DNA sequence: GTCGTTGCTGGTAGCGCTGTCAACGTTCCT
DNA sequence: AGGAACGTTGACAGCGCTACCAGCAACGAC
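Residue numbers (this note's numbering), protein chains in the order written: chain U, 23 to 388; chain C, 23 to 388.
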């Protein structure tokens with residue numbers, strides 16, 4: 023008996039092959055490895071496909087070939103603009119390739135990540151991009167066992183599963199603190215939110231730099247598990263100020279917090295950088311246009327995503343990079359918010375040098 | 023002859039069925055419509071599947087059933103945080119359902135959108151979410167002909183292809199201007215970037231409100247096709263001020279621009295709201311914590327994404343909403359940046375009422 | 001002239017699942 | 001009691017494509 027189901031007039035590979043006067047398998051080869059065909063058949067298949075408007079059925083291809091053309095991407099957050107930059111890079115790199123992106127959100131949970139990983143792996147992805155290096159042991163084992171290329175992004179560390187691209191958050195934080203030291207700051211607070219592994223490593227960098235200078239004090243550190251926001255930056259800074267009114271400078275684990283700190287300073291009439299210097303992290307666009315402009319640690323997020331996807335696709339196609347671990351580095355962008363202190367003594371709120379300031383204060387003196 | 027290919031010990035539906043002592047088709051039904059099975063077989067299949075760790079092969083399912091479980095999403099930008107909120111809603115709603123999200127970026131090009139649409143439709147998606155109502159005629163025809171539910175998001179308008187969820191950008195802009203009128207502002211500028219259809223409709227709303235009050239002047243409008251940014255907000259405001267130094271207030275087509283305008287005012291020592299009021303659009307998180315806090319038009323972006331995906335999934339499963347077009351509305355959130363003018367005359371930089379201000383000014387008098 | 005070797009092509013047989021339809025047992029109605 | 005109606009189950013035949021292997025012609029080496 024013939025076909026039973028309605029076929030909605032869909033063009034199949036068989037139709038293309040028939041029009042081109044070749045066997046279906048030859049037509050199939052045209053789409054996967056054109057060089058294997060003689061020039062004559064190649065052009066015949068090509069024009070037949072175009073004439074019929076043939077579009078391959080990906081499901082059938084995946085079923086027959088036992089592999090998909092999907093790149094799985096696991097990121098912890100869609101809200102955080104840091105990840106939207108990375109994602110943009112990934113999508114840009116995948117465009118034009120035959121691979122499509124399958125995105126999932128771990129919500130900063132490595133258990134959720136493990137679950138999603140299992141799900142992804144079951145569909146035999148062509149490649150995988152995962153965030154960070156803090157997978158569960160189970161996840162790590164699955165990644166090691168996976169028979170597809172894998173890129174870990176956002177940071178670098180020991181024991182890459184396969185490829186790795188990022189930078190050292192620890193060193194970036196140390197560089198930020200070194201910059202503040204160079205500008206004459208000593209009592210430097212740390213403000214951090216969410217405290218995911220990368221923020222934690224920034225904190226570690228801060229702590230080590232402060233300890234190296236024998237300036238570390240636990241009360242200079244204010245953190246919370248709450249997701250980051252500008253408002254939260256103000257709140258954490260308020261906490262920090264209550265613990266340590268003599269604060270010199272604040273290193274913020276990200277730029278949203280830094281902006282919040284800046285606004286809070288403005289609200290309290292605290293001069294930036296005269297009384298408190300501010301340094302952020304990531305160098306989002308607004309940092310350069312704030313008043314005063316805000317110092318930050320620039321990270322190459324778009325490039326990271328783009329390079330990760332490019333490396334991955336190359337590796338899928340059999341061209342593994344000679345350098346499987348890539349350090350994209352960072353750069354401290356020095357701006358007004360952390361420029362050198364005017365004097366070497368502490369210009370407290372009641373200090374000299376800011377006569378206007380004195381006059382402006384009365385609103386809070388009752 | 024037997025199977026030739028290596029099977030890598032994969033668990034198939036047949037294995038589950040065998041262990042459960044039922045036919046493969048019964049096992050298949052368990053995963054798609056458990057209610058159709060007797061309780062006894064249901065539990066047998068369920069435990070067999072769990073015991074073997076069965077994971078369905080989506081490619082085979084798609085091939086056999088002639089449809090996929092993919093929801094296609096077309097958005098114009100990944101950078102814009104407005105869309106990341108919408109996306110978060112979409113992903114949240116899809117989580118737990120059996121549908122997965124396939125995202126593509128049109129880069130604000132309706133030609134690119136048409137191309138992607140063709141690509142998506144060829145894979146027979148379970149449903150589609152597209153941005154806006156300004157598709158090409160060709161795209162519109164394809165959407166009309168598509169045999170899957172479709173949701174248009176971000177705005178509402180006439181002739182929905184299928185379902186639609188959003189709000190009126192035109193009315194939202196009118197409401198913002200009405201608010202500024204109520205606060206005593208008259209010379210209200212408009213600052214807009216990118217000028218995609220939605221921003222254009224905000225501009226239309228502004229123009230109509232201004233014309234209604236006989237206050238419209240072409241030179242009050244400054245726009246650019248450049249993508250939006252905080253820095254750009256400052257630059258556009260600078261242009262606006264050059265054209266119209268007597269400016270009362272600025273309505274910004276989005277919050278990034280508004281923040282840029284605020285910083286520019288600070289840079290120029292222009293009092294906000296004493297000299298210039300600022301109103302933004304979208305009510306991003308930072309608006310509430312800026313100094314002064316910034317008035318904005320709140321839009322329900324996360325909810326929009328979540329509701330769109332939920333409606334779509336319901337429709338795919340055959341439960342079409344009674345209301346195919348949903349207006350999520352907006353709300354003008356009044357904050358300090360647009361609070362009522364002190365007097366009815368123009369309090370210029372040299373005006374009264376801000377003694378501190380006078381004193382604080384000398385830093386720029388040399 | 002025979003035998004590999006290479007380059008291109010085609011036949012066969014599935015990939016793992018589900019649509020269709022038939023068959024069965026049970027219940028409820030007349 | 002007979003039969004319709006319903007709920008549940010299974011056999012069969014593909015979905016559209018590709019892996020595998022065989023076949024064939026053309027060519028050079030011995």
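Note that the Cβ used here is the ideal one computed from N, Cα and C, for glycine as well.
It should be emphasised that the depicted structure is a prediction, and the values quoted were computed from it without experimental measurement.
- DSSP places residue 214 of chain C within a strand segment (E or B) once states are collapsed to three.
- For a cut-off of 8 Å, the C-beta gap from residue 285 of chain U to residue 242 of chain U is around 21 Å, too long to register as a contact.
- A check of alpha carbon separations from residue 152 of chain C across C/267, C/136, C/222, C/167 identifies C/136 as the nearest.
- Close to chain C, meaning a Cβ-Cβ distance shorter than 8 Å, are the following residues of the segment 304-317 of chain U: 307, 308, 310, 311, 312, 313.
- According to the DSSP assignment, residue 349 of chain U belongs to the beta strand (DSSP E) that extends over 347-349.
- Assigned with DSSP and collapsed to three states, residue 335 of chain U falls in helix.
- Not one beta carbon of chain C lies nearer than 9 Å to the beta carbon of residue 50 of chain U.
- Under a criterion of Cβ atoms nearer than 9 Å, the residues of chain C adjacent to residue 253 of chain U are, in order, 307, 308, 310, 311.
- Judged by pairs of C-beta atoms under 8 Å, the segment 252-269 of chain C touches the segment 201-217 of chain C, as three or more such pairs exist.
- Under the 8 Å Cβ criterion, the segment 123-134 of chain C counts as touching the segment 93-106 of chain C, having at least three qualifying pairs.
- Using beta-carbon distances, residue 84 of chain C counts as an interface residue toward chain U, with a partner under 9 Å.
- Contact of residue 360 of chain C with chain U is not assigned, every C-beta pair being separated by 9 Å or more.
- For the segment 141-174 of chain U, residues whose beta-carbon sits nearer than 7 Å to a beta-carbon of chain C comprise 144, 145.
- Taken in chain order, the complete beta strand (DSSP E) segments of 3 or more residues contained in the segment 196-252 of chain U are 210-214, 243-245.
- In the three-state reduction of the DSSP assignment, residue 124 of chain C falls in the strand class.
- Taking 9 Å as the CB threshold, residue 124 of chain C lines the interface with chain U.
- In the DSSP assignment, residue 272 of chain U falls outside any alpha helix (DSSP H) and lies within the beta strand (DSSP E) extending over 271-274.
- Not a single CB atom of chain U sits nearer than 9 Å to the CB of residue 57 of chain C.
- Between residue 195 of chain U and residue 319 of chain U, the gap from beta carbon to beta carbon is short of 9 Å.
- Around the beta-carbon of residue 201 of chain C, 16 or more other beta-carbon atoms lie within 10 Å, marking it buried.
- Counting C-beta atoms within 10 angstroms of its own C-beta, residue 233 of chain U has fewer than 16 neighbours from the protein chains shown and is therefore classed as exposed.
- Counting only the Cα atoms, residue 361 of chain U lies some 7 Å from residue 295 of chain U.
- Contact annotation: the segment 111-119 of chain U touches the segment 323-331 of chain U, with at least three C-beta pairs closer than 8 Å.
- Per DSSP, reduced to three states, the secondary structure at residue 304 of chain U is strand.
- Pairing residue 341 of chain C with residue 145 of chain C, the inter-Cα distance amounts to about 23 Å.
- Interface annotation for the segment 258-292 of chain C against chain U: 281, 282, 285, 288, 289, criterion Cβ-Cβ distance under 7 Å.
- Around the beta-carbon of residue 314 of chain C, 16 or more other beta-carbon atoms lie within 10 Å, marking it buried.
- DSSP places residue 282 of chain U inside the alpha helix (DSSP H), whose first and last residues are 277-289.
- Taking 9 Å as the CB threshold, residue 77 of chain C lines the interface with chain U.
- Chain-order list of chain C residues neighbouring residue 236 of chain U: empty, with the shortest C-beta distance near 35 Å, by a criterion of under 9 Å.
- The Cβ of residue 181 of chain U sits no closer than 9 Å to any Cβ of chain C.
- Residues of chain C whose Cβ lies closer than 9 Å to the Cβ of residue 90 of chain U are, in chain order, 80, 81.
- For residue 177 of chain C, the uninterrupted beta strand (DSSP E) segment begins and ends at 172-177.
- Secondary structure remark: continuous alpha helix (DSSP H) runs of at least 4 residues inside the segment 33-80 of chain U, in chain order: 35-42, 46-54, 61-74.
- Taking one beta carbon from each stretch, the segment 183-198 of chain U and the segment 215-224 of chain U have 3 or more pairs nearer than 8 Å; the two touch.
- Taking a C-beta cut-off of 8 Å against chain C, the contacting residues of the segment 100-112 of chain U are 100, 101, 103, 106, 107, 109, 110, listed in chain order.
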